[in-house]
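So in the working numbering, spot 56 of the sequence shown is number 56, and the numbers just go up one at a time.
Heads up, the beta-carbon is just placed ideally off N, CA and C, and yes, glycines get one too.
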Amino acid sequence: MALALMRREMRVIVTWAYALCVNARIALVRSFRLTQRKTKARTFAYTACNRIGKFHGMKPIRVLIIDDHTLFRSGIKLLLERQTGFEVVGEASDGLEGVKRAKQLKPDVVLLDLHMPVTSGLVTIPLLREEVPQAEIIMLTVSEDADDLLEALRAGARGYLLKNIETDFLLDSIRRAANGESVMSAQMAGKLADAMRAPQKIATSANPEKLTPREREIIMMLASGASNKEIARKLELAESTVKIHVQAILRKLNLASRVQAAVYAVEHGFVVAHTK
Numbered sequence: 001m002a003l004a005l006m007r008r009e010m011r012v013i014v015t016w017a018y019a020l021c022v023n024a025r026i027a028l029v030r031s032f033r034l035t036q037r038k039t040k041a042r043t044f045a046y047t048a049c050n051r052i053g054k055f056h057g058m059k060p061i062r063v064l065i066i067d068d069h070t071l072f073r074s075g076i077k078l079l080l081e082r083q084t085g086f087e088v089v090g091e092a093s094d095g096l097e098g099v100k101r102a103k104q105l106k107p108d109v110v111l112l113d114l115h116m117p118v119t120s121g122l123v124t125i126p127l128l129r130e131e132v133p134q135a136e137i138i139m140l141t142v143s144e145d146a147d148d149l150l151e152a153l154r155a156g157a158r159g160y161l162l163k164n165i166e167t168d169f170l171l172d173s174i175r176r177a178a179n180g181e182s183v184m185s186a187q188m189a190g191k192l193a194d195a196m197r198a199p200q201k202i203a204t205s206a207n208p209e210k211l212t213p214r215e216r217e218i219i220m221m222l223a224s225g226a227s228n229k230e231i232a233r234k235l236e237l238a239e240s241t242v243k244i245h246v247q248a249i250l251r252k253l254n255l256a257s258r259v260q261a262a263v264y265a266v267e268h269g270f271v272v273a274h275t276k
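Have a look at this one:
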């Protein structure tokens, strides 16, 4: 009886301590004005809170790493596993494998590389948004190209980080993204501001020559009204592979939907409309 009472009292104390810690964390972060100090303060506060939260049964942030460089994945995994409040639930070497893993593992945050063989990060983003809409996607890349940044954000990425960022900034960004906040490297924030101020580029007409033979087959089938499942059966492909090809077609031709792709196919001679 006495032991049960002590356990109940301890849980009440821990609950109170965690709530107090959260409030103290907010106050601590607000007390610093410089960005670098803010990050360090937030990291320190989160670490303290996470330790209390772990004792209280709080769940860690579940992270999936998608990158074609094994050494980089291993480094990020080791880094996160040494921190309290994170759990690396899986990793993948390309976008297609990453989408499959995400569907199985249901991560809170996906760290996604941009340039990968087989399936690029930009093609992978909409597939992840479709399969695991609850997961927040952070691009973790070496690309400082403003066009890559804009495409990633438009596709649904929560953040865009360069691989040369500090450890504390990465940890802080994952926590913030998991809470629904947008995150970005300082260099890229400046480029985003410049891109928003710049006059809009006039969209150039898409070049059908960009399409691979397989993508040409698929766009013709889209024009006939075939679903992904029907296309997959006809071409003897996995449905997930068809989805990747469709996303690639839309991106290469600057189109927003399957309907636009079907219209494009007819207008550009991929399909000859039959007349009675």
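Would you decide whether residue i is buried or exposed? Buried here means 16 or more other CB atoms lie within 10 Å of its CB.
i	result
residue 257	exposed
residue 172	buried
residue 277	Residue 277 is absent from the structure shown; the chain starts at 1 and stops at 276.
residue 233	exposed
residue 71	exposed
residue 104	exposed
residue 193	exposed
residue 107	buried
residue 102	buried
So the beta strand (DSSP E) residue i belongs to, where does it begin and stop?
i	result
residue 140	136-141
residue 86	86-92
residue 109	109-112
Helix, strand or coil: which one does DSSP assign to residue i?
i	result
residue 102	helix
residue 184	strand
residue 171	helix
residue 231	helix
residue 121	helix
residue 64	strand
residue 260	helix
residue 133	coil
residue 189	helix
residue 166	coil
residue 226	coil
residue 59	coil
residue 95	helix
residue 34	With a pLDDT of 44 at residue 34, under the threshold of 50, the predicted position of this residue should be treated as unreliable, though the coordinate-derived value follows. Coil, per DSSP.
residue 236	coil
residue 127	helix
I need the boundaries of the alpha helix (DSSP H) containing residue i, first residue and last residue.
i	result
residue 277	The requested residue 277 does not occur in the structure, where the chain is confined to residues 1 to 276.
residue 282	Limits of the chain in this structure are 1 at one end and 276 at the other, which puts residue 282 out of reach.
residue 247	239-252
residue 76	70-81
residue 148	146-155
Compare the C-alpha of residue i against each of the options and name the closest.
i	options	result
residue 214	162, 154, 244	244
residue 262	178, 223, 210, 227	223
residue 97	120, 247, 248, 133	120
residue 145	115, 241, 169	115
residue 212	249, 74, 236, 181	249
residue 113	107, 124, 106	124
residue 133	59, 117, 228, 180	180
residue 265	110, 217, 102	217
residue 167	75, 106, 238	75
residue 176	164, 165, 159	159
### Query
Any chance the segment 80-99 sits against the segment 61-69, with 3 or more Cβ pairs inside 8 Å?
By the Cβ rule, the segment 80-99 counts as touching the segment 61-69, because three or more pairs are nearer than 8 Å.
### Message
If contact is defined by three or more beta carbon pairs under 8 Å, each pair taking one atom from either stretch, is the segment 142-149 in contact with the segment 184-194?
### Response
Contact between the segment 184-194 and the segment 142-149 is present: 3 or more CB-CB pairs across the two stretches fall below 8 Å.
#### Entry: Contact the segment 127-146 vs the segment 77-86: 3+ CB pairs below 8 Å
The segment 127-146, when compared against the segment 77-86, does not touch it at the 8 Å Cβ threshold.
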